[in-house]
Ligand SMILES: NC(=O)C1=CN([C@@H]2O[C@H](COP(=O)(O)OP(=O)(O)OC[C@H]3O[C@@H](n4cnc5c(N)ncnc54)[C@H](OP(=O)(O)O)[C@@H]3O)[C@@H](O)[C@H]2O)C=CC1
Ligand SMILES: CC(C)=CCC[C@@H](C)[C@H]1CC[C@H]2C3=CC=C4C[C@@H](O)CC[C@]4(C)[C@H]3CC[C@]12C
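In the working numbering, the protein residues as written are 96 to 635.
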């Protein structure tokens, strides 16, 4: 006999495990994290823990009762009916009706767009079908891929300035110069993947040790120097580059798309690791990617497409556009500032490439699909560097003083962003035995589960990481603003990168927090309580 309506509902749900789960949840002191914590606990109690994919797969059936969990919670809380489906995670949400808002707040609307890729798709059962499913797994990939192409080519046409002529869709096929240029660039980057020692990333939960090519800094200098030296035999090289830029981006896009298709086929038929992944609609898998660290021709696909091909554009686009602008208009303080800041940002990237490859979400959470590998060869030159291209035909009108003030601010933000990223890397590298702002760091001990059992980690609460949870994103946004602000007289156009990357940053931070919450549970909740702000101290 059940002693109460609540217990009846619990027994009806799935026995003692569920009862423990709900009681634990109800006891939880902080309700702002209940949704996430319940999700974790349901996964644990039912064997569906994210870090135990194989076991999870075997026991997947045993979580059948989770759908009744929603019914159960209504009884437990005598609450309002649950809100409509939120897709993937919904199946585990035993109680969604928390009225508390807090540091973490309600699951953000940005979750809808999230890929949650490293949360072991194995353990997350296929989402329920419905409108939300169609939107998230069909519409979002199509909109992102289609939108990316349409916006890029429209902007590249418009950015050419008053003498642009009518829009010609044939640019999307490239031309002979563009294909030669892109062919050489891709092959050059390809060859450099074999030069330089090996660098290893953190072992994944399914036992893969990601392997990357070192020597990024040397690659950057030799590539940039070679490009500059090529101007001796071909003095008009920068002009050719600028005049054929849309075609170059188009050819680069076809190459990126081909790599994304190859990665998709490889993920379907020849995975490097037998990581169990739940099936999703093909278009979503293509967009999100299937494998986490696929190797093609013996090297890491994400490093090749993002850190080598993509970031090479970040070096040669500003260089070419600056040469052309000098030729066309002479010295312009605004353009000079834009060029120098873009260049320093690239140098900083290569200086920090190892940390990018081993520590960042792109490489620990995101999979190798269209989003990273296919889009980088088009989006880095076409969107990230659009403002620089745009300013060739629309020279900045800011005063020298404003331009150099923005320069100083940009440099300060680049240094700050580097310090934030480096502070975390050093802290993790030394396992907390380092100085942060001259003092031994404070941290929260966190624990997470992997297929080899429990592991320990630390969450830094000193230094920048003790002030705001994603202050590196804030600095990244401000670097972009200082770089492009020199063109503000031309309205919204120079800020295209800021708008798109700003949205990607917000999407990214929700994915990151979701990942950390699932990985560390209460420890991350504690971190969010100690450091309640996400981007700006005292504000948001
Ligand atoms: N210009 C551009 O287009 C973009 C630039 N960037 C830049 O790249 C850099 C890296 O960004 P990204 O990888 O997204 O994010 P982060 O460098 O913020 O890395 C997030 C990860 O760091 C760990 N972590 C979080 N909080 C703490 C803490 N308090 N102490 C210790 N470890 C913690 C967690 O991983 P774990 O599981 O190891 O605990 C978390 O998943 C940033 O500087 C960002 O601005 C990023 C995106 C786009
Ligand atoms: C669909 C669409 C528009 C996708 C664009 C995705 C990519 C072009 C970007 C996604 C993540 C971006 C980056 C992450 C981190 C970086 C470190 C920073 O120091 C340099 C820039 C970058 C490599 C940046 C580049 C663009 C992305 C790969």
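Even for Gly, the Cβ is constructed at its ideal location relative to N, Cα and C.
With burial defined as no fewer than 16 other Cβ atoms inside 10 Å of the residue's Cβ, what is the status of residue 532: buried or exposed?
exposed
Is any heavy atom of ligand 1 found at a distance shorter than 7 Å from the C-beta of residue 397?
no
For residue 205, three-class secondary structure by DSSP:
Model confidence at residue 205 stands at a pLDDT of 26, short of 50, so the residue's coordinates are unreliable and nothing is read from them.
With residue 579 and residue 592 assumed to form a contact (beta carbons below 8 Å), what rounded beta-carbon distance in angstroms separates them?
7 Å
When you compare the CB positions of residue 367 and residue 386, do they come within less than 8 Å of one another, or not?
yes
Any chance the stretch 615-627 sits against the stretch 548-567, with 3 or more Cβ pairs inside 8 Å?
yes
Within the same chain, show all residues whose beta-carbon is closer than 7 Å to that of residue 629, passing over the 5 residues directly before and after it, in chain order.
563, 564, 565, 604 and 635
Can you tell me where the alpha helix (DSSP H) with residue 365 in it begins and where it stops?
From DSSP, residue 365 is part of no alpha helix (DSSP H); its letter is neither H nor E.
Below 8 Å between beta carbons: does that hold for residue 462 and residue 288?
no
Measuring alpha carbon to alpha carbon, tell me which residue in 574, 297, 267 and 594 is nearest residue 438.
574
Among 467, 371, 560 and 308, which residue has its Cα nearest to the Cα of residue 394?
308
For residue 608, three-class secondary structure by DSSP
helix
Pop quiz: residue 397 and residue 511 are said to be a contact at Cβ under 8 Å. What is the actual Cβ separation, rounded to whole angstroms?
At roughly 26 Å, the Cβ-Cβ gap does not stay under 8 Å, so residue 397 and residue 511 are not in contact.
Does the stretch 483-503 come within contact of the stretch 511-529, defined as at least 3 CB pairs closer than 8 Å?
no
For ligand 2, any of its heavy atoms closer than 7 Å to the Cβ of residue 410?
no
With residue 306 as the anchor, note down where its beta strand (DSSP E) starts and where it stops.
306-308
Helix, strand or coil, according to DSSP, for residue 432 in the structure here?
helix
Burial state of residue 340, where buried means 16 or more other Cβ atoms lie within 10 Å:
buried
Going along the chain, which unbroken runs of the beta strand (DSSP E) with 3 or more residues stay wholly within the stretch 255-307?
293-295
Apart from the five residues just before and just after residue 332, which ones in its own chain have a Cβ nearer than 6 Å to its Cβ?
325 and 326
Does the contact criterion of 3 or more C-beta pairs under 8 Å hold for the stretch 445-452 versus the stretch 592-601?
no
Tell me which residue opens and which closes the beta strand (DSSP E) that residue 552 is part of.
548-555
Identify, in the order they occur along the chain, each residue of the same chain with its Cβ nearer than 6 Å to the Cβ of residue 310, setting aside the five sequence neighbours on each side.
291
So, at 6 Å on beta carbons, what are the nonlocal neighbours of residue 314 in its own chain, with the 5 sequence-adjacent residues on each side left out?
287
With distance defined between alpha-carbon atoms, name the residue in 525, 459, 542 and 631 nearest to residue 607.
459
Pop quiz: residue 491 and residue 430 are said to be a contact at Cβ under 8 Å. What is the actual Cβ separation, rounded to whole angstroms?
6 Å
Could you give the first and the last residue of the continuous beta strand (DSSP E) run that contains residue 542?
538-545
Every unbroken alpha helix (DSSP H) inside the stretch 413-466 [4 residues or more]:
428-446, 448-454 and 456-459
For residue 397, does the three-state DSSP call read helix, strand or coil?
helix
Closest to residue 513 by C-alpha separation, out of 258, 305, 560 and 472, would be which residue?
560
Is DSSP giving residue 534 helix, strand or coil here?
strand
Please list the terminal residues of the continuous alpha helix (DSSP H) segment that includes residue 494.
Run containing residue 494: none; DSSP gives neither H nor E here.
Contact the stretch 410-422 vs the stretch 376-390: 3+ CB pairs below 8 Å
no
Residue range of the unbroken alpha helix (DSSP H) whose run includes residue 617:
617-625
Any heavy atom of ligand 2 inside 7 Å of the beta-carbon of residue 444?
yes
Inter-residue Cα distance where the pair is residue 246 and residue 587
14 Å
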